[in-house]
Structure formats: C-alpha cells, structure tokens
Amino acid sequence: MNQEQNKTVANVANNEIPVPNTNNIPPGPATVTNQQPTQQSEQPSNILAGSPGVVVAPVSSEPTDASSADKGRVNGIVHSATETEQTLSHTTMINPTVVTPRVEITSATSSPPPPVVEDTQEESIPKPLPKKSHKAGVFIFLLLLIIAVLGYYIYQDYQKDLARGECSPLVASDNTLRELDINSSIVQELYDKIKTTIREDVAYHNFDDVFKLYLAYRQIPTSDIYESNCNLFNESNMSNFTCSSSTNFTPTAFKEETLQREVRKLFGESISIPNQNIVLGNSCFGGYQYVGERGEYVQGYCGQIPTTTYNVDKELISATVQGDTITLRENVRYYSAEGITNDQLQSGVYVHTFKLDNSYHYAYVDRTIEAS
Numbered sequence: 000m001n002q003e004q005n006k007t008v009a010n011v012a013n014n015e016i017p018v019p020n021t022n023n024i025p026p027g028p029a030t031v032t033n034q035q036p037t038q039q040s041e042q043p044s045n046i047l048a049g050s051p052g053v054v055v056a057p058v059s060s061e062p063t064d065a066s067s068a069d070k071g072r073v074n075g076i077v078h079s080a081t082e083t084e085q086t087l088s089h090t091t092m093i094n095p096t097v098v099t100p101r102v103e104i105t106s107a108t109s110s111p112p113p114p115v116v117e118d119t120q121e122e123s124i125p126k127p128l129p130k131k132s133h134k135a136g137v138f139i140f141l142l143l144l145i146i147a148v149l150g151y152y153i154y155q156d157y158q159k160d161l162a163r164g165e166c167s168p169l170v171a172s173d174n175t176l177r178e179l180d181i182n183s184s185i186v187q188e189l190y191d192k193i194k195t196t197i198r199e200d201v202a203y204h205n206f207d208d209v210f211k212l213y214l215a216y217r218q219i220p221t222s223d224i225y226e227s228n229c230n231l232f233n234e235s236n237m238s239n240f241t242c243s244s245s246t247n248f249t250p251t252a253f254k255e256e257t258l259q260r261e262v263r264k265l266f267g268e269s270i271s272i273p274n275q276n277i278v279l280g281n282s283c284f285g286g287y288q289y290v291g292e293r294g295e296y297v298q299g300y301c302g303q304i305p306t307t308t309y310n311v312d313k314e315l316i317s318a319t320v321q322g323d324t325i326t327l328r329e330n331v332r333y334y335s336a337e338g339i340t341n342d343q344l345q346s347g348v349y350v351h352t353f354k355l356d357n358s359y360h361y362a363y364v365d366r367t368i369e370a371s
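Residue numbers (numbering that gives the first Met the number 0): 0 to 371.
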C-alpha cells in the first residue's frame, strides 16, 4: 500500500496526472505543457461556447461507465493569468445531457424579454347580462297593477265628489245651488262636529263662546290629553267640581294651544275666543278649568250625575252647497215629561252654516232656527 502511494506522489511530482480510462483506451500519462501567458489564451475547441472553462466531450457510441468519477467533470478553469494552463492529452468524456448552458444577464443593455401579447378576444365578446329573477318580475308587475287599480278608484271617487260639489276649490268657483248627498263623507264629517245630545241641549242651549269652546274641546284627540295634577286648581271658580290631593282622583289636562288649534279648525282661522273654563252651565259636561299660570286646562271631579226627563228626535234632512258655503238642515223635535217645561229647548229646523276659509276648512259660522 505504501508503495502505491509513493508511486502516485512520484507521478504528481513529475507532472503526471492520472486520468480514468472511460473508453477502454490504454492508459497513458497526461502531459501538461507549460506555456507563457499571452494577451489572449486560446480556447480549447471542445469548450462550450459562452461557458468559460466547460469542456464538452464528443459523443461516443460506446457504453459509458456511469460510475466513473469524472462524469460531468469541469476542467481547465483558469483562475489567474499566472497559472499554468492545463490540458488533457486525452479528451475526457462528459455526459452531454448533464451540461446545461447557463445564461445570465449581466448588462443593463441586454435585450428585454419579448412583450406579452394579451388575448383581447375574450374582451371583445360581450358578457351576457345577468338574468333577472322571475319572482322579482312578478312582484313588480303585481305592484304596478295594484297602483293602477288604486289610481283608477281614486280618480272615480274624485269625479263623484266633483259632481256633488264636494271638492273644495271647485265648490268655491261654482255659485249655483246644488244638493249634496247627506250620506257623503264631507256632509257626515261636518254634522258629527256640531250635533249634540239631549243632555247637552238641556245643560246649555246658547250659541256663544262658551258653547264654541265646548265644541272645540270635543275635537281634541285623546293623544293630546294626558294625566296631570291639581296644582293651582281653584275649586271656588267652578261649582260642582273639585280637585285635591286628598282624593284618589287623578285629573287629566291639555295645553291651551291645543284647544286654540281646534278652535281655529272648527270656527275659522280668523276667529279669536278667549281662554275660559269649559263647562255647560251647572252640569258636569266639560269640567275643565283654565289655569293661566300653567298654560293648561285641568280637569275637575264632578260627583253629579246628569239626568233629564226630555227626549229628542233629530234628523238631517238636507245638505246644499252654493259657492263656498255648505248648509245643513236638521229637523229637531223635543219631548218633555208632562208638567215639565224648558224654554231653551225649541223644536224646529236647525240650519247650520259652514263657509270655506283660506285654509280650505269649512268653518262653522252660524246656527239658526226655523219654524218647523
């Protein structure tokens, strides 16, 4: 073993490099010649172009030993100008399929990659529009049908009111006397505002500010009436009424501007009625005391149960319109118990007059009595 190592060292010392025999060629010494470095060293003919120092072996039809230690070996790389160029006396076989040229871009002036051509064919094809939901189309159709039907009926109702003279702006422009349907909405609405019961008639029968405030109070919505207290309520100003914390009575109240709003709506925008207690005579109808310090009408408690021995028959017999005025005619007949009389209760035809104001409200302007 030592002899073989000594022999190998001696060969290296004599510049002999052993080369494996890959093509069954008799081994021979590889001669390395010393050459002076020149300005440009000649490239071996079997060096791969563009890859300095890479030697490509010629293709051989003979079998190649895959276990060869020199498979894919790279030789002949010159590290400096002073190093001795080494060549092989016998060409070393390298598997040509292993060597792959490596291309590196080292200069900024290298040619850029070819531009990518975008396929515009897909963009030129119009995309199909999303299909609308069938249910949405049916819903829209039904909605339009409902609107059309409602519009038709509203128009027909408007034409009927126009023929009866119930459209306020058109009534004001027509000065002919015409009969109105007593069952029409406008006639029934006006009549409900001013008709009274027998107990209200017995309690107070005068058409004055007290009666007008009472009628306006009847128009206040329940949502504008709220629970309150008895602070500053003066029991001496209202007979038959009381309000104190000692009782279990919880009064209700409403704002004075709420009452004045209903006064203007019922009797016209130009009317002015001063605030005062709302009560019909000595009865329990109304029963609200005006408390100016609070700006409210406060309810009092009345223990009296109104009773009467009178009966009445009331019937709306006609309704007419002329210009901006609507007239309702009401036939009234009072009946009293034998031996009891009341001069305030007059039977006859009550004529209620309403006039169109600037806010297109029919204001209650007058009430008269005609003999029956």
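Quick reminder that beta carbons are idealized off the backbone N, C-alpha and C, glycines included.
Our two residues, Tyr203 and Leu176, have alpha carbons roughly 33 Å apart in a direct line.
When Leu344, Ala370, Tyr361 are compared, the shortest CA-CA separation from Ile185 is found for Tyr361. Here the stretch 241-253 makes contact with the stretch 288-299; the two share three or more CB pairs at distances below 8 Å.
The beta-bridge partner set that DSSP reports for Glu295 consists of Lys254, Val290. Excluding sequence positions up to five before and after Gly322, its CB lies within less than 6 Å of the CB of Asn174, all in the same chain and listed in chain order. Using a 10 angstroms sphere on the CB of Asp200, the tally of other CB atoms reaches 16 or more, which defines it as buried. The beta carbon of Arg328 is closer than 7 Å to those of Ile316, Ser317, Val348, Val350 in its chain, skipping five residues each way along the sequence.
A straight-line Cα-Cα distance of about 21 Å links Lys264 and Thr367.
In the three-state reduction of the DSSP assignment, Tyr225 falls in the strand class. In the displayed model, Asp191 falls within a helix according to three-state DSSP. DSSP links Ile272 through a beta bridge to no other residue.
Boundaries of the beta strand (DSSP E) harbouring Ile316: 310-321, taken from the DSSP string.
By the beta-carbon neighbour count (other beta carbons within 10 angstroms, threshold 16), Ser244 is exposed. Rounded to whole angstroms, the gap between the alpha carbons of Thr306 and Gln343 is 16 Å.
Per the coordinates, the alpha-carbon of Phe206 lies some 18 Å from the alpha-carbon of Gly286. Within a 10 Å sphere around the beta-carbon of Ile153 sit fewer than 16 other beta-carbons, which makes this residue exposed.
Between Gly267 and Val364, the CB-CB gap stays under 8 Å.
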